[in-house]
Every structure is written in C-alpha cells, then in structure tokens.
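Novice:
There are 2 protein chains.
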Amino acid sequence: MRIIVLGGDGFCGWASALRLSRKGHDVYIFDNLSRRKIDKELNASSLTPIKSIYQRIKVWNKINKKKIKFYKIDISKEILKLESLIKKIRPDTIVHFAEQRSAPYSMINLKTRNYTLSNNILTNNNILYLIAKLKRNIHLIHLGTMGVYGYDFSKFLLPEGYYKAKLFIKKNIINTKILHPANPGSIYHLTKAQDELLFQFYQKMYGLKITDLHQGVVWGTNTKETLLHPDLINRYDYDGDYGTVLNRFIMQAALNYPLTLHGSGNQVRPFININNTADCILLAAQNKKKFNEVKIFNQLTETFRLKNLAKKIQKLTNCKIMHHKNPRIENENNTLVAKPMGLIELGLKPIKLSDNLIKNELAVSKRYSFRADLNKIRAKSQWRI
Amino acid sequence: MRIIVLGGDGFCGWASALRLSRKGHDVYIFDNLSRRKIDKELNASSLTPIKSIYQRIKVWNKINKKKIKFYKIDISKEILKLESLIKKIRPDTIVHFAEQRSAPYSMINLKTRNYTLSNNILTNNNILYLIAKLKRNIHLIHLGTMGVYGYDFSKFLLPEGYYKAKLFIKKNIINTKILHPANPGSIYHLTKAQDELLFQFYQKMYGLKITDLHQGVVWGTNTKETLLHPDLINRYDYDGDYGTVLNRFIMQAALNYPLTLHGSGNQVRPFININNTADCILLAAQNKKKFNEVKIFNQLTETFRLKNLAKKIQKLTNCKIMHHKNPRIENENNTLVAKPMGLIELGLKPIKLSDNLIKNELAVSKRYSFRADLNKIRAKSQWRI
C-alpha cells in the first residue's frame, strides 16, 4: 500500500512509519517538525540523541528495501500543497499523528490552548475535506486518546467508542446507539473529542472510511526498526510537558531522581508499549473490512494505578518516590476497565510491562543520562488558571 | 447590570443589545464588523439600509437614557485587549453572538470551513478562559443552535440539552444523564456542537455559569427598539448564504420572485421572531438561578414544514413556488417536536407567525425592494464537494 504518515517525525509517528516501511509499504512522511520546534520553545530536548529527519531517512533508505519519502509541510495551513501531494501520491491510507499531543502543554496558557485547538482541528478538517474531495476510498487512521471517555462510567468495561443506549424523554423511550459521552480532562483531550465530531460528520456526509485509535499512555523507546542503526533512534521525552508517566518514572529511577507522583497516585491509566503502537497502526492499515460507521478501537494493553507503577520500579531500582501537589484538576481515585478487544481481534499480541523490559528501558536512560537536564523534569503547567 | 454583547452589530446582536439597553442595562458592544466584511466578500448586502455601527450608536445614545459603548475588537485574536476591556468594564454578563452563523457560508469551500471552525472555537475559548481567569461569576450567555441535535430522535419531544439515559455494556447497565448526542448538518452546526464540549469542560473545571441558547431560524426585521429611529434599522439578509428561509420567502414574495424550495420542501424547521430573540436574551440575562451544569434552553416558538410555510405566504400574496435541487445533504422528511419549555418558565411570551406579521414584513421588503439584487437570491454553496 501507499501510506502517508502525517506527523511521521514524532515519537509514535517515526516508530510507525518505519514499521509500515519494513512491512513492505510505500511510506511518505509529512511533518512540519513542530515537535522539534516546541522542544526549542520549552528549552527541552529528547533524552536520546535523535538525528534530523533528513539523516534518519537517509540511513533508513540505505538499509531498507522500501524507501521512505519526506515532505516538510504544515497540514494545518498549506492546503494547496497538501492537495497536490495527495493527488501525486494517491495514497491508500493516511495515518494521522499530526496533532499537538501533550495535555500539560495544552494547559500552559491561553496561547498554547488556542494553538492546540486550532492546530488539531484544522489539521483534521483539511485532511477530511481533501479525502472527500479527491478520492473517497482513502482510509484515514487517526490517533485519538482514551482520555476522551473520562472516568464517569469506567468502573465498567469501557466500550470501543459506542454504547447501546436507551434515552428517556417524557414517557418515551428511544432505543439507539450513541458515541460514548465525552468528558475530556484537558484542552488537548478536548480537541480529540471535537475531532470525533468531525469524523462523525465527514463519515455521515461523504462516506469516508475512518479508524480512530483511542490510545493510552505510550512507554518504551525503540522498536525493532529503530534499533537497526544508531541514527534511527527514537525520541524519549522526559520534560514536565511532554514526558509521559511511565517513561518519566524510568528515567527518574535511572538518574536517582525521586519518582514524581502527582497527588495521591491513585490514578489509573491505560498503557501501551511503543512496539505495540506500531503494531496497531500496521493492523489498522491492513484492516480490509468495510465500515458503515467511524471505527473506534481502544489502543492499550494494560492499566496501572500510578502509585503501584512507581512501586514496581522502586522494587527494581530502590529509587525514592515523592508526592507533589497535583497540577491537574482531576479525580485522583478513578477506576478504569478497558481492553483492546478490536485490535486483539485484528491480531495484536500485547506486550506487557515486565521487569526485563523495565531494565532495558533503564539501560537506555542510563546510557543517555549525561544529556538530561534535571530542571526540566518537574511539571510546571497548571490546570488551575 | 453591565452586559457585554459580543457580535452586537449583527442581526440578532443589534436587536438584543438595544433591548438590554432599553431595559436599563449598561451595554457594551464588542464587534470586529466581520458580518459587514463578509457582505463585501460575497458582494451582497442587507435589503434594509443599515447604518454604520458608529451612526447607529450615536442615534441610540441620543434617544435613550442608557448609553451603549462600542469597541471594535476581534475576540478570536485580540486577547490582551479583550482581557483589559473585561477588567475595565467588570461585566455581570457576557452575551456571545460573535460566531460565523451561516451554514451555507461554512460549506462554500475549505477556506470558509476553516474560518468558521477556528473563529467560532477560538472566540469561545478566549472568552471562557478569561472569565475563568478574571472573575468567575460572569454569566456567559451563548447563542447556540437547535441544529446540534440533528433529527435522529426528533419525532419525540426534544430535550433541552440533556437526556436521562441507560447505557449498556456487556451485562452492566449505567444510569446517567447525557448531553444529547450531537448530529450537526453543516460545519457551522458542527462548531456549535464543539462549543458544547468547551462549555462542559470549562463548567466542570472552573465552575463557570453558562447558558447555551439553542436557537431556531430567526425571522422578522425590526424590534420595538429599532423602530424608534430610521437609523436604527436592523439588517435583513436575503442572499443565498445568509438569508434564512422565512425572511427569504417574504422578500421573494414581495418582489414577485418565485419562492425557492430546496428539495421536497418536507423539511421541518424551528422558528422564532427577532423580537422574541431579544426577549430570550433579556430573560436569560436576568435569570438569577444558580446552575450546577451548563444550562441549555431551546429558543424557538413554533415549527413549520417548509412547503407549508411557502403555501401560507402564497395564500397571502399569490406568489409562485419553485422547487430547486437541494444543495444540502440532509434528510428532507424529518420530524421535529420542540418547545421552549425553559424560556416559557422564565416568562417568554411567544410571538406566533400571523398573516398580519407576514404583511408587516412584506411591507418592509417592498419598501426596500429597489435595493435588492435578484442575482444574489439563489443558494450557491453546495454541501457536496
């Protein structure tokens, strides 16, 4: 297949692009390099020494049969260029990672809130419109988040996007199927709930084939592919805005920095390894089934209560754990029952967190510990205004 | 009360601002005059000869005890100016009409889709953020649309925003209350559904007091206040993008132009007179009740099937009726059962469409018929891409 990967220079995007290429697909990476730009803005950087997109692709194209092409383009703005590239490439599938993906960044101030809203929504609208205009059988695979669900009903198994429902009005009962009610916890998560409305709209109006992958917190660094050459190394975020919890814990343990738990640590979160993320993208891209609705998969493999996760790492490393005031406004005692039912059906083999895998990741962090800026670790963004 | 009216130079905004001022409130109009700018872009104009905002306000301030102040500001962009004005004015209430409000305009092309999305969402986010930041007891009254509901369940009475619901997952039954599922029919309507998610978010996070008025199609021209002086005349849109159905029919009948019915004409729509719009804004602003959720009212007074509405006007004027291909992608045989329950409870006295009121409006159209550009009447914007 010909597959365009929007945001293919990012953490999940790079890993997924290489997996697709390795599996024989023609991959075209579109990226405006905004993630690298935000690193500069925050004066932060990947713990791992990632190479420029040009160098990465040069090396990949030397060692792999299928070549990747890169186009520097801002999907949220460069509409004419985007249209002409899609016309030229004639993709079967577009995988869409090109959104601002940090909840804390989306909450820093009004400017980052607005950037997240406009970037994420316009990017989606541009893609959806052009698919409807140019060729309706392009399959759009979008990276959503499990954070759209909120935790109102999460003591029960979460559905994959939809509930069967009875609605009550006066004496009438309406039997129907509804998109799960959205209850996002940050502006970032909110944009993904707004994206869902866009998908419903374009699917209904123009019959687009859309898969929305509601992903959990991704952990790990490298994949089978990024390990093939040092210059292919994947990024590793540990700063207060872009560092996600499990990777941050591992990096902290490796550097003898007390693990930072926000609030009680009773929060439960969904997790997935970066290798499984790449697997899921491949499985979703190869999914030949026809949909008569937006297809939604929960993309996680397991859930952890954060304080238990911290203890797991403490057991291996004897690190300290520190509780800090929670910068978020959230229910710290949530429940979460979720399984990747649809992706398992497509063939996903879940990678579970094990002591061995934690040790591998600790080794990555130790290797690059000289690159760490400890001042960047603490969360600074506040949900309270 | 001190009340800021965002978008107070528009059709509903102007009528409402004057009503609030006449009832003794201190009114501050904020507007970027985008509606007048879009008129130029579309080479269209109000059938009625509206005066500049400066002239309008000068005249109003001469004849009315309470004075209106006007600030030219783009709420979607000028954040610092907006913040300092809110600090200075210390409003009790902000009435928010400052969104792109035409469904056909939102569907013309990708540019107008994106403008509608970013303008409407950023405008809301800026206001909500600043209210949360500056003074949490500012009541935000937002003009939404009944179009967020869609027509899936509309053979039953529509709720005012929320359903009691049972959700089913495996063997579990979840008893809850949900925001009605959104099923918007255009990008414009979609933005209002996305707005709803913003409201839910800011209400939950920061305890904001928000009223969302889900309004129907507004008809009529002048109000008691705009009739006080010729320079206060309200706008009358009849062009294919901004002209709404009942006003367009009346104008067409007055000019012996066959009434344009799109598709079968079996569509049912909700309606409200512009005087009632102003009433509803006043009632919502004076509503002292505390809310523990976003308060949603359906702002309509009656519903009509469009072909019956056309026949009603034909009976009075002997005009012709023409069916045209429907530019929209929509269910042409919808049902709609809706009542303004909450607003009636607050004191709304519904104005129903009568032969006399139609005759009044016909007279307005006839008086200004020399200003009409018949080439602008037909709908050009296509839902199909």
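Chains as they are written, first to last, in our numbering: chain A, 193 to 577; chain B, 193 to 577. Beta carbons are placed, not taken as given, at the ideal position from N, Cα and C, and that holds for glycine. Everything numeric in this text was worked out from a predicted model, so none of it was measured.
Please classify A/F262 as buried or exposed, where buried requires at least 16 neighbouring CB atoms within 10 angstroms.
Specialist: Here residue 262 of chain A corresponds to residue number 70 of the first sequence, with the count starting at 1. When all chains shown are included, A/F262 counts as buried.
Novice: What is the C-beta distance between B/S298 and B/S244, in whole angstroms, given that I count them as a contact (C-beta under 8 Å)?
Specialist: Locating residue 298 of chain B in the second sequence gives position 106, counting from the first residue. Locating residue 244 of chain B in the second sequence gives position 52, counting from the first residue. So it is not a contact: roughly 26 Å between Cβ atoms.
Novice: For a cutoff of 8 Å on Cβ pairs, would you count B/I313 as touching chain A?
Specialist: On the second sequence, position 121 is the one that residue 313 of chain B refers to. So yes, B/I313 belongs to the interface.
Novice: Please report the distance separating the alpha-carbon of A/R194 from that of A/T495.
Specialist: Counting from one through the first sequence, the residue named residue 194 of chain A turns up at place 2. Counting from one through the first sequence, the residue named residue 495 of chain A turns up at place 303. A/R194 and A/T495: Cα-Cα distance of roughly 34 Å.
Novice: Buried or exposed: which applies to B/D471, given that a residue is buried once 16 or more other Cβ atoms fall within 10 Å of its Cβ?
Specialist: Position 279 of the second sequence, counting from 1, holds the residue named residue 471 of chain B. By the neighbour-count rule (16 or more Cβ atoms within 10 Å), B/D471 is buried.
Novice: Return the chain-ordered list of same chain residues with a C-beta closer than 8 Å to the C-beta of A/L390, the five sequence neighbours on each side being excluded.
Specialist: Taking the first sequence and counting its residues from 1, one reaches residue 390 of chain A at position 198. Excluding sequence neighbours, A/L390 sits near I313, N316, N317, L320.
Novice: Strictly below 7 Å CB to CB, what residues from chain A border B/S310?
Specialist: Counting from 1 along the second sequence, the entry for residue 310 of chain B is found at position 118. The answer, in chain order, is S310, L314.
Novice: Quick one: list the residues of chain A neighbouring B/M373, beta-carbon separation under 7 Å, in chain order.
Specialist: As a working mapping, residue 373 of chain B is identified with position 181 in the second sequence. Here residue 373 of chain B turns out to be Pro, not Met, going by the sequence shown. In chain order: I370, L371.
Novice: Taking only beta-carbon atoms, is A/I366 less than 8 Å away from chain B?
Specialist: What you label residue 366 of chain A is simply residue 174 of the first sequence in a count that begins at 1. Chain B contact via Cβ: present.
Novice: So what does A/Q491 bridge to, in DSSP terms?
Specialist: To locate residue 491 of chain A, count along the first sequence from 1; it is residue 299. Answer by DSSP bridge pairing, in chain order: A/Q407.
Novice: Closer than 9 Å, Cβ to Cβ, to anything on chain B: give me those residues from the segment 393-405 of chain A, in chain order.
Specialist: Answer set for the segment 393-405 of chain A: F393, K396, M397, Y398.
Novice: Taking 8 Å as the threshold (beta carbon to beta carbon), is A/L382 in contact with chain B?
Specialist: Position 190 of the first sequence, counted from the first residue, corresponds to residue 382 of chain A. Yes, because at least one Cβ of chain B sits closer than 8 Å to the Cβ of A/L382.
Novice: Is there a Cβ of chain A sitting closer than 8 Å to that of B/R461, yes or no?
Specialist: Looking up residue 461 of chain B in the second sequence gives position 269. So no, B/R461 is outside the interface.
Novice: With distance defined between alpha-carbon atoms, name the residue in B/F489, B/M514, B/I271 nearest to B/T452.
Specialist: Position 260 of the second sequence, counted from the start, is the residue given in the question as residue 452 of chain B. The candidate whose alpha carbon is nearest that of B/T452 is B/M514.
Novice: Skipping 5 residues on each side, what residues in its chain have a beta carbon closer than 8 Å to that of B/L566?
Specialist: What you label residue 566 of chain B is simply residue 374 of the second sequence in a count that begins at 1. L447, Y449, listed in sequence order.
Novice: Short of 6 Å in beta carbon distance, which residues of its chain neighbour B/E374, apart from the five on each side in sequence? Order them along the chain.
Specialist: The residue you call residue 374 of chain B lines up with position 182 of the second sequence. Checking the sequence, you will find Ala at residue 374 of chain B rather than Glu. Excluding sequence neighbours, B/A374 sits near V340, A385.
Novice: Can we say the segment 387-405 of chain A touches the segment 332-346 of chain A, given the rule of at least three CB pairs closer than 8 Å?
Specialist: Enough Cβ pairs lie closer than 8 Å, so yes.
Novice: Using 8 Å as the cut-off, can you tell me whether the segment 459-473 of chain A makes contact with the segment 253-260 of chain A, which would need three or more C-beta pairs spanning the two stretches below that distance?
Specialist: Result no; under three Cβ-Cβ pairs closer than 8 Å.
Novice: Please report the straight-line C-alpha distance between A/N253 and A/P241, rounded to a whole angstrom.
Specialist: In the first sequence, residue 253 of chain A corresponds to position 61, counting from 1. In the first sequence, residue 241 of chain A corresponds to position 49, counting from 1. Cα to Cα, A/N253 sits roughly 20 Å from A/P241.
Novice: Please report the distance separating the alpha-carbon of A/A295 from that of B/A502.
Specialist: To locate residue 295 of chain A, count along the first sequence from 1; it is residue 103. To locate residue 502 of chain B, count along the second sequence from 1; it is residue 310. Their backbone Cα atoms lie some 51 Å apart in a straight line.
Novice: Among A/S456, A/K358, A/K279, A/S226, which residue has its Cα nearest to the Cα of A/I265?
Specialist: As a position in the first sequence, residue 265 of chain A is number 73, starting the count at 1. Checked all of A/S456, A/K358, A/K279, A/S226; the closest Cα to A/I265 is A/S226.
Novice: Drop a sphere of 10 angstroms on the beta-carbon of A/D431, count the other beta-carbons inside from all chains shown, and report buried for 16 or more, exposed for fewer.
Specialist: Along the first sequence, one-based indexing puts residue 431 of chain A at 239. Buried, because 16 or more other Cβ atoms sit within 10 Å of the Cβ of A/D431.
Novice: Taking all protein chains shown into account, decide if A/R578 is buried (16 or more other Cβ within 10 angstroms of its Cβ) or exposed.
Specialist: Residue 578 of chain A lies beyond the range of chain A shown here (193 to 577); nothing can be said about it.
Novice: Return the residue from the list B/E417, B/K362, B/N426, B/N301 that minimises the CA-CA distance to B/S557.
Specialist: Counting from 1 along the second sequence, the entry for residue 557 of chain B is found at position 365. Ranking B/E417, B/K362, B/N426, B/N301 by Cα distance to B/S557 puts B/N426 first.
Novice: Who are the near neighbours of B/V409 in its chain, counting only those whose CB is closer than 7 Å to its CB and skipping five residues on each side?
Specialist: For the purposes of this step, residue 409 of chain B is identified with residue 217 of the second sequence, where counting begins at 1. So the list reads T436, V437, L438, R461, P462, F463, once near-sequence residues are dropped.
Novice: Using beta-carbon positions only, say whether A/L400 and A/E388 come within less than 8 Å of one another.
Specialist: Residue 400 of chain A sits at position 208 when you count from the first residue of the first sequence. Residue 388 of chain A sits at position 196 when you count from the first residue of the first sequence. Taking 8 Å as the Cβ cut-off, A/L400 and A/E388 do not qualify as a contacting pair.
Novice: Using Cβ-Cβ distances below 8 Å, what residues of the segment 332-359 of chain B are close to chain A?
Specialist: If the cut-off is 8 Å between Cβ atoms, the segment 332-359 of chain B has D344, F345, F348, L349, L350, P351, Y355, K356, A357, K358, L359 near chain A.
Novice: Would you say the segment 206-216 of chain A touches the segment 412-423 of chain A, given that touching needs at least three Cβ pairs under 8 Å?
Specialist: The segment 206-216 of chain A, when compared against the segment 412-423 of chain A, does touch it at the 8 Å Cβ threshold.
Novice: Using a Cβ-Cβ cutoff of 8 Å, what residues of the segment 518-550 of chain B are near chain A? List them in chain order.
Specialist: Those would be I521, in chain order.
Novice: At which residue ranges does the segment 458-517 of chain A contain complete beta strand (DSSP E) runs of 3 or more residues, listed in the order of the chain?
Specialist: Here the runs fully enclosed are 460-465, 487-491, 494-497, 513-516.
Novice: Would you give the residue range spanned by the beta strand (DSSP E) that B/I442 belongs to?
Specialist: Here residue 442 of chain B corresponds to residue number 250 of the second sequence, with the count starting at 1. Premise fails: B/I442 lies in the alpha helix (DSSP H), 437-446, not in any beta strand (DSSP E).
Novice: Measuring CB atoms only, is the segment 530-547 of chain A touching the segment 470-488 of chain A, in the sense that at least three cross pairs come out at less than 8 Å?
Specialist: The answer is yes - the segment 470-488 of chain A touches the segment 530-547 of chain A, with three or more Cβ pairs under 8 Å.
Novice: Does the Cβ of A/F203 lie closer than 7 Å to at least one heavy atom of the ligand GTP?
Specialist: Absence of the ligand GTP from the depicted structure is noted, as is the absence of any ligand whatsoever, leaving it without description.
Novice: Residues of chain A with a CB under 7 Å from the CB of B/L389: which are they?
Specialist: Taking the first residue of the second sequence as position 1, residue 389 of chain B is located at position 197. Ordered by position in chain A, the residues that pass the 7 Å Cβ test against B/L389 are A374, L382, A385, Q386.
Novice: Quick check on A/D431: does DSSP put it in helix, strand or coil?
Specialist: One-based indexing of the first sequence puts residue 431 of chain A at position 239. A/D431: coil per DSSP, three-state reduction.
Novice: Check the C-beta distance from A/L498 over to A/G539 and give it rounded, since I have them as a contact under 8 Å.
Specialist: What you label residue 498 of chain A is simply residue 306 of the first sequence in a count that begins at 1. What you label residue 539 of chain A is simply residue 347 of the first sequence in a count that begins at 1. Contact doesn't hold; Cβ gap of about 30 Å is too wide.
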